[in-house]
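J.: Got a structure for you, written out below as structure tokens; questions coming shortly.
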Amino acid sequence: MRSSQLVISRIAWMIPMLFLVSVIAFLLIEMVPGDPARNSLGPDASDEAVEALREQWHLNEPLPVRYGIWALGAIQGDFGVSMSTREPVLETIFHRLPVTLSLALAAMVIAVTLGVVGGMLAGARIGSKVDRALNSLAGLVLSVPDFWVGLLIIALILQTKILPIPLQGYVPFERSPSEWLVHLILPGVTLALHPAAEIFRQTRASVSDVTGLDFVRTLKASGVSRSHTLFAHIGKNSMVAVLAVLGLQLGLLLGHTAIVEMMFGMNGIGSLVAEAALNADVVTIQGCVVVIAVFVLTMNLVIDVLYLYLNPRLRAK
Amino acid sequence: MAFAETWARAFRRIPKREPRMRPKTAIAIGAIILVAFSVTIGAWLYPHDPNVQVLEDRYLGPSLDHPFGTDRLGRDLLARVLAGGRVSLLASVLSVILALLGGTALGLLAGYLRGAIDGIFSRLFDALQVIPGLVLLIALAGVLGRDFTSVILGLGILYSIKIFRVTRAVTASIRTEVYVDASVAMGGSRAHVMGRHILAGALSPLLVQATILVGWGVVAETGLSYLGLGVQPPNASLGSILAEGTVSMTQSPWLIIFPGLFIAVVTLSLFTLSDALRGALGRPIGGTGEA
Numbered sequence: 000m001r002s003s004q005l006v007i008s009r010i011a012w013m014i015p016m017l018f019l020v021s022v023i024a025f026l027l028i029e030m031v032p033g034d035p036a037r038n039s040l041g042p043d044a045s046d047e048a049v050e051a052l053r054e055q056w057h058l059n060e061p062l063p064v065r066y067g068i069w070a071l072g073a074i075q076g077d078f079g080v081s082m083s084t085r086e087p088v089l090e091t092i093f094h095r096l097p098v099t100l101s102l103a104l105a106a107m108v109i110a111v112t113l114g115v116v117g118g119m120l121a122g123a124r125i126g127s128k129v130d131r132a133l134n135s136l137a138g139l140v141l142s143v144p145d146f147w148v149g150l151l152i153i154a155l156i157l158q159t160k161i162l163p164i165p166l167q168g169y170v171p172f173e174r175s176p177s178e179w180l181v182h183l184i185l186p187g188v189t190l191a192l193h194p195a196a197e198i199f200r201q202t203r204a205s206v207s208d209v210t211g212l213d214f215v216r217t218l219k220a221s222g223v224s225r226s227h228t229l230f231a232h233i234g235k236n237s238m239v240a241v242l243a244v245l246g247l248q249l250g251l252l253l254g255h256t257a258i259v260e261m262m263f264g265m266n267g268i269g270s271l272v273a274e275a276a277l278n279a280d281v282v283t284i285q286g287c288v289v290v291i292a293v294f295v296l297t298m299n300l301v302i303d304v305l306y307l308y309l310n311p312r313l314r315a316k
Numbered sequence: 000m001a002f003a004e005t006w007a008r009a010f011r012r013i014p015k016r017e018p019r020m021r022p023k024t025a026i027a028i029g030a031i032i033l034v035a036f037s038v039t040i041g042a043w044l045y046p047h048d049p050n051v052q053v054l055e056d057r058y059l060g061p062s063l064d065h066p067f068g069t070d071r072l073g074r075d076l077l078a079r080v081l082a083g084g085r086v087s088l089l090a091s092v093l094s095v096i097l098a099l100l101g102g103t104a105l106g107l108l109a110g111y112l113r114g115a116i117d118g119i120f121s122r123l124f125d126a127l128q129v130i131p132g133l134v135l136l137i138a139l140a141g142v143l144g145r146d147f148t149s150v151i152l153g154l155g156i157l158y159s160i161k162i163f164r165v166t167r168a169v170t171a172s173i174r175t176e177v178y179v180d181a182s183v184a185m186g187g188s189r190a191h192v193m194g195r196h197i198l199a200g201a202l203s204p205l206l207v208q209a210t211i212l213v214g215w216g217v218v219a220e221t222g223l224s225y226l227g228l229g230v231q232p233p234n235a236s237l238g239s240i241l242a243e244g245t246v247s248m249t250q251s252p253w254l255i256i257f258p259g260l261f262i263a264v265v266t267l268s269l270f271t272l273s274d275a276l277r278g279a280l281g282r283p284i285g286g287t288g289e290a
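Here's what the structure looks like:
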């Protein structure tokens with residue numbers, strides 16, 4: 000299969016996935032106990048008013064028709080209005096999207112940096128003190144909630160005042176790139192903990208695998224320096240595996256933005272979905288679920304394409 | 000002299016048939032038993048009530064009377080951690096049981112019968128997995144209401160996907176075994192083959208997976224209740240204890256340290272146990288199942 004065909008088949012795979020995600024998101028509102036119109040108007044509203052709203056919201060139509068109406072709207076960018084703020088859901092989401100994207104980007108950069116550097120150090124010398132220390136650390140990190148570690152870091156910084164970095168809030172990149180960056184450090188580190196540990200494990204394993212291959216011995220025999228071999232040759236070979244882990248960790252990372260954004264007072268999609276859940280604002284929840292799913296699918300596609308690019312063996316098949 | 004030496008050497012050479020349990024595993028099992036005992040009988044024996052407020056005893060540090068200290072309302076933190084831990088563990092264990100019932104049945108059917116039923120459930124679960132686990136949990140809590148049952152249902156659905164995947168993969172590999180063919184040839188019904196032969200083969204990997212999931216369930220429940228989407232106050236939950244403790248964590252760091260340590264002990268023990276099970280029972284199919 001040629002690589003273009005592979006990419007096309009991946010895009011084709013996204014369509015049924017997107018359809019099913021939209022069905023799941025649509026069904027969320029159907030799962031709310033009671034009559035949505037009655038819930039919205041309150042117990043004191045007259046039956047006529049409730050009936051009028053039912054008609055307006057197409058609640059008297061059969062389920063597939065209701066899905067059709069909702070999906071047609073969603074495709075045109077109309078996810079309805081928030082049940083608590085009365086603002087169009089998609090507008091709120093787009094307004095908050097840059098926060099979550101920045102946070103996710105920061106977390107991924109931190110996770111890949113820590114994971115790959117640590118994994119190379121450990122994987123190049125399996126069984127050494129450095130390797131054992133880093134490996135235990137990764138195991139420990141994976142066993143505790145990331146937001147708890149985040150809380151401990153905040154407490155430590157508040158207590159000792161060793162690091163003069165902001166603990167709360169978000170500054171848009173357009174306003175001040177440097178402020179944007181420093182505000183992302185702590186939430187980024189918190190969110191990066193688990194993915195970093197997973198990337199570390201994967202890099203360590205693949206580096207130690209690659210280290211045993213013939214071409215590494217040849218490089219060594221040709222007098223190529225150890226660090227050059229490690230970073231230029233072994234590292235490149237391990238990137239393929241790191242990419243696969245990153246793809247798997249993406250959903251986890253995006254899910255945890257909900258907690259991390261709430262913790263650090265950032266108004267992104269994660270905190271939006273958590274606030275919507277607290278307010279039982281199902282329309283906003285639906286919009287967030289669809290947008291997050293679209294993002295995950297798109298990122299998975301990007302990772303698949305990168306995978307093809309980095310792994311010539313896949314292209315040859 | 001020679002005789003004793005021969006015996007000593009022979010004795011040393013006898014291979015131990017049962018490999019001894021690694022100390023790590025023994026500690027993990029001990030910790031799990033201790034935690035299970037503490038949150039049930041221990042909490043009942045413990046003199047302090049998790050919800051009783053003693054306002055003159057606010058923000059007390061750890062002491063003999065209050066081993067974990069007290070919170071902003073003078074409630075004993077150890078009693079609250081035990082009560083919250085019980086809620087977390089119960090939610091987690093119940094949701095894993097739910098997932099085992101649903102996920103195993105669907106996984107068996109999909110892996111053994113294949114065809115349309117496999118296609119439908121595999122696609123559906125693929126799509127569910129596109130939505131990040133925690134987002135799905137939050138969405139369900141928002142839709143179904145913020146309480147214990149929503150958490151169990153949400154986690155149950157989420158973990159059914161993992162159990163389904165493991166069962167389906169194991170089933171697909173076992174169904175081609177000769178003994179399965181033999182059972183079919185001898186007139187074994189589909190239900191008999193699935194129940195007697197395939198389920199039996201899937202038990203070990205399911206046990207390993209379930210142990211990991213209980214650990215992740217505790218973490219996920221903590222996350223949800225930290226956001227205010229789990230068990231509601233004044234009832235204690237590990238997440239709400241952490242959220243309340245955040246307000247005063249510089250003056251009273253124990254309010255966030257102890258609940259987190261409790262979770263760490265639970266998850267670390269469960270993961271160590273699952274590693275040991277994996278080693279003892281053979282490698283399972285599929286990875287860890289974090290939410």
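Heads up: the protein sequence lines correspond to chains C and L, in order. Taken in order, the first sequence gives residues 0 to 316; the numbers are from numbering that gives the first Met the number 0. Taken in order, the second sequence gives residues 0 to 290; the numbers are from numbering that gives the first Met the number 0. Where a beta carbon is used, it is the ideal one built from N, C-alpha and C, also for glycine. Everything numeric in this text was worked out from a predicted model, so none of it was measured.
Look at the Cβ atom of Pro194/C, then the Cβ atom of Gln248/C, and state whether they are nearer than 9 Å.
T.: Yes, they are a contact pair.
J.: What did DSSP end up calling Val209/C once you bin it into helix, strand or coil?
T.: Helix at Val209/C.
J.: From the beta carbon of Arg85/L, is the nearest beta carbon of chain C less than 9 Å away?
T.: Answer no: the Cβ-Cβ gap between Arg85/L and chain C never drops below 9 Å.
J.: At the level of alpha carbons, what is the spacing between Gly229/L and Thr112/C?
T.: Using only the alpha carbons, I get a separation of about 35 Å.
J.: Do we get a CB-CB distance below 9 Å when we pair Phe120/L with the residues of chain C?
T.: It does not; no Cβ of chain C falls within 9 Å.
J.: Residues bridged to Ser24/L by DSSP?
T.: According to the sequence shown, residue 24/L is Thr rather than Ser. None, per the DSSP bridge assignment.
J.: Could you name the residues of the same chain whose beta carbon sits closer than 6 Å to that of Gly106/L, not counting the 5 residues immediately before and after it, in chain order?
T.: Hits under 6 Å: Phe163, Thr166, Arg167.
J.: For the segment 23-42 of chain C against the segment 283-296 of chain C, do three or more pairs of beta-carbon atoms, one drawn from each stretch, fall closer than 8 Å, so that the two count as touching?
T.: Yes: at least three Cβ pairs fall under 8 Å.
J.: Which chain L residues sit within Cβ distance under 8 Å of Leu277/C?
T.: Those are Gly141, Arg145, Leu226, Gly227, Leu228, listed as they occur along chain L.
J.: Verify the CB distance criterion: does Pro283/L have a CB-CB separation below 9 Å to chain C?
T.: Note on Pro283/L: pLDDT 43, under 50, position unreliable in the model; the coordinate value appears next. Output row for Pro283/L: interface = no.
J.: If the cut is a Cβ gap below 9 Å, which residues of chain L does Met265/C touch?
T.: By Cβ distance, chain L contributes nothing, its closest Cβ being about 14 Å from Met265/C, past 9 Å.
J.: Looking at the structure shown, is Pro87/C part of a helix, part of a strand, or coil, going by DSSP?
T.: DSSP places Pro87/C in strand when its eight states are reduced to three.
J.: State yes or no: is the beta carbon of Glu289/L nearer than 9 Å to at least one beta carbon in chain C?
T.: Any reading at Glu289/L needs caution, since the residue's pLDDT is 47, under 50, leaving its predicted position unreliable; the model's value is listed next. It does; some Cβ of chain C falls within 9 Å.
J.: Whole alpha helix (DSSP H) runs in the segment 166-205 of chain L with 4 or more residues, listed along the chain?
T.: Segments of the alpha helix (DSSP H) lying fully in the segment 166-205 of chain L: 177-184.
J.: Just by C-beta distance, which residues in the segment 79-109 of chain L are closer than 7 Å to chain C?
T.: Those would be none; no residue qualifies.
J.: With H, G and I counted as helix, E and B as strand and the rest as coil, what does DSSP make of Val51/L?
T.: Reduced to three states, the DSSP call for Val51/L is coil.
J.: Below 6 Å CB to CB, which residues in the same chain sit around Tyr178/L once its five sequence neighbours on both sides are set aside?
T.: So no residue of the chain qualifies.
J.: May I ask you to list the residues that DSSP assigns as paired with Thr69/L?
T.: Asp75/L.
J.: Alpha carbons only, please: which of Asn50/L, Leu54/L, Ala30/L, Leu280/L is nearest the one belonging to Gly200/L?
T.: Of Asn50/L, Leu54/L, Ala30/L, Leu280/L, the residue nearest in Cα terms is Leu280/L.
J.: Look at the Cβ atom of Ala27/L, then the Cβ atom of Ala263/L, and state whether they are nearer than 9 Å.
T.: Their beta carbons are not under 9 Å apart, which means Ala27/L does not touch Ala263/L by this criterion.
J.: Thinking Arg85/L and Thr69/L are a contact (beta carbons under 8 Å), I'd like their distance in whole angstroms, please.
T.: Incorrect: roughly 19 Å between the Cβ atoms, too far for contact.
J.: So with Cβ pairs under 9 Å, would you call Met64/L a contact of chain C?
T.: According to the sequence displayed, residue 64/L carries Asp and not Met. Output row for Asp64/L: interface = no.
J.: Is the CB-CB distance between Gly318/C and Ser226/C below 9 Å?
T.: A query on residue 318/C cannot be resolved here, the shown segment of chain C reaching from 0 to 316 and no further.
J.: With 9 Å set as the bound, which would you pick, yes or no: does the beta-carbon of Leu251/C sit closer than that to a beta-carbon of chain L?
T.: Closer than 9 Å to some Cβ of chain L, the Cβ of Leu251/C qualifies, so yes.
J.: For Leu5/C, which residues of its own chain have a beta-carbon under 7 Å away from its beta-carbon, when the five flanking residues on both sides are left out?
T.: Once the five neighbours on either side are set aside, the close Cβ partners of Leu5/C are Leu307.
J.: What are the start and end residues of the alpha helix (DSSP H) that includes Glu29/C?
T.: Glu29/C -> alpha helix (DSSP H) spans 2-29.
J.: Any beta carbon of chain C sitting closer than 9 Å to that of Val218/L?
T.: Output row for Val218/L: interface = yes.
J.: Taking only beta-carbon positions, decide if Met16/C is within less than 9 Å of chain L.
T.: Yes, because at least one Cβ of chain L sits closer than 9 Å to the Cβ of Met16/C.
J.: Taking only the alpha-carbon atoms, compute the straight-line gap between Val301/C and Ile109/C and give it to the nearest angstrom.
T.: When rounded, the distance between both Cα atoms is 19 Å.
J.: Kindly indicate if chain L contains any beta-carbon less than 9 Å away from that of Leu96/C.
T.: So no, Leu96/C is outside the interface.
J.: Pick from His255/C, Ala279/C, Ala275/C: whose alpha carbon is nearest that of Leu102/C?
T.: Leu102/C has its Cα closest to that of His255/C, out of His255/C, Ala279/C, Ala275/C.
J.: Could you work out which residues of chain L lie near His255/C, taking near to mean beta carbons separated by less than 7 Å?
T.: Correct list: Leu133.
J.: For Leu305/C, which residues in the same chain have their Cβ closer than 7 Å to its Cβ, ignoring the five residues on either side in sequence?
T.: Excluding sequence neighbours, Leu305/C sits near Leu242.
J.: For Pro252/L, count neighbouring Cβ atoms within 10 angstroms of its own Cβ and tell me buried if that reaches 16, exposed if not.
T.: Buried: at least 16 other Cβ atoms inside 10 Å.
J.: In chain order, what residues of the same chain lie with their CB nearer than 7 Å to the CB of Leu296/C, ignoring the 5 residues before and after it?
T.: Counting only Cβ-Cβ distances below 7 Å, and skipping sequence neighbours, we find Met13, Met16, Leu17.
J.: Can you list the alpha helix (DSSP H) stretches of 4 or more residues lying completely in the segment 145-211 of chain C, in chain order?
T.: Segments of the alpha helix (DSSP H) lying fully in the segment 145-211 of chain C: 145-159, 176-210.
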